[in-house]
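Each residue of the sequence shown is one higher than the one before, counting from 1 in full-length UniProt numbering.
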Amino acid sequence: MRMDEMSFKRNRELVRLIDRFAEHDGTHETLIPALRLIRASRISEPVYSVYEPSLCIVAQGSKVVMLGKESFQYDPDSYLTASVHLPIAGQIIVASREAPYLSLQLQFDMTQILEVIQASEHTGRSKRESGRGLVVSRMNDTLHDAVLRLVKMLEIPQDIPVMAPYVIREIIYRVLQNDQNAALKTFALIGSHAQRIAKVIERLNRDFALPLRIDELAEEARMSASSLYDYFKEVTGMSPIQYQKQIRLQEARRLLLTETSEAAEAAFQVGYESPSHFSREYARMFGLPPVRDIRRLRATLLPSGGTS
Numbered sequence: 001m002r003m004d005e006m007s008f009k010r011n012r013e014l015v016r017l018i019d020r021f022a023e024h025d026g027t028h029e030t031l032i033p034a035l036r037l038i039r040a041s042r043i044s045e046p047v048y049s050v051y052e053p054s055l056c057i058v059a060q061g062s063k064v065v066m067l068g069k070e071s072f073q074y075d076p077d078s079y080l081t082a083s084v085h086l087p088i089a090g091q092i093i094v095a096s097r098e099a100p101y102l103s104l105q106l107q108f109d110m111t112q113i114l115e116v117i118q119a120s121e122h123t124g125r126s127k128r129e130s131g132r133g134l135v136v137s138r139m140n141d142t143l144h145d146a147v148l149r150l151v152k153m154l155e156i157p158q159d160i161p162v163m164a165p166y167v168i169r170e171i172i173y174r175v176l177q178n179d180q181n182a183a184l185k186t187f188a189l190i191g192s193h194a195q196r197i198a199k200v201i202e203r204l205n206r207d208f209a210l211p212l213r214i215d216e217l218a219e220e221a222r223m224s225a226s227s228l229y230d231y232f233k234e235v236t237g238m239s240p241i242q243y244q245k246q247i248r249l250q251e252a253r254r255l256l257l258t259e260t261s262e263a264a265e266a267a268f269q270v271g272y273e274s275p276s277h278f279s280r281e282y283a284r285m286f287g288l289p290p291v292r293d294i295r296r297l298r299a300t301l302l303p304s305g306g307t308s
């Protein structure tokens, strides 16, 4: 049997499994805590969220992810890795009821990554101390096979507690073997520039409503302010202040959509002092002022269950 035929069979099996365990549109948690399955029966508008360190694989359909001004497209022939928390806009661009978009997300634990690095021969530092925190790579047979074995465990749940940690470890190893994912390695290495930037990103995600003080962040990262700015932009594709703005606006949108907050109240909760300034930046990011945007979202996204 030719390798391309084997890959096709492997992918058809992955489609079958995701279709079985994600019966309706939306994001589905599984018995494997780090694994989520996603299904969508139609093309989506951009959905704003924060990607966690993870591996994302599409079994059927296609998706585009926007990070700052960059776009990353992936499909069954490729996969996406996120090395750090990143505010993105994701849009499903190929999907239908007959052939729904089917994908999975496997969240990474940096401790697991560090253990794999230490156990393998590839313990040396990468020549590059950092790199973009989002990468699309070409799918390969060894990674595809390991991912399929992990998802198949959903059919034999008694195997999950014993076997899943080992297969996840193998998946991490396969991802790290790809030179494009050198950044993922550096984010796990204590003391690397990338790992320090990851700590800054963690703080920005936690304290996004507080005033941003570059000098304070730089001191915490043990870098100069200019080095922090340069490395941060290399990893995220945006400046620290642009990153904070995206996190603030995404959280404000969530508050407006899921709670009874007024626009001005949401603005203050996420750190804006001026409601009019908040409204202008909100419209610039989402295309409409807060009230009109939330009215539209409630009329379109909520009845269909949304997509992730």
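Ideal placement from N, C-alpha and C gives every residue a C-beta, glycine not left out.
Note that the structure is a prediction, hence the values are computed from the model and not measured.
Comparing alpha-carbon positions, the option among SER276, ILE117 and LEU184 lying closest to SER137 turns out to be LEU184.
A distance below 8 Å separates the beta carbons of LEU134 and LEU86. A residue is called buried once 16 or more other Cβ atoms fall within 10 Å of its Cβ, and THR300, having fewer, is exposed.
Taking GLU70 as reference, the option from LEU217, VAL116, ARG253 and THR236 with the minimal CA-CA separation is THR236. Rounded to whole angstroms, the Cβ separation of GLN91 and ILE172 is 28 Å, and the two are not in contact under 8 Å.
With respect to GLU281, LYS233 sits apart: the two C-beta atoms are not nearer than 8 Å. Judged by DSSP secondary structure, ALA266 falls within the alpha helix (DSSP H) whose first and last residues are 263-269. Residue environment analysis places PRO211 among the exposed positions, since fewer than 16 neighbouring C-beta atoms fall within 10 angstroms of its C-beta. DSSP places PHE72 in no alpha helix (DSSP H) but in the uninterrupted beta strand (DSSP E) bounded by 70-74. Counting every other CB atom within 10 Å of its CB across the protein chains shown gives PRO76 a total of 16 or more, marking it as buried. For the pair of segments examined, the region 143-159 was found not to touch the region 188-202: the number of CB pairs separated by less than 8 Å stays below three. Take ARG10, set aside five residues on each side of it, and the residues of its chain with a beta-carbon closer than 7 Å to its own are HIS144, ASP145 and LEU148, in chain order.
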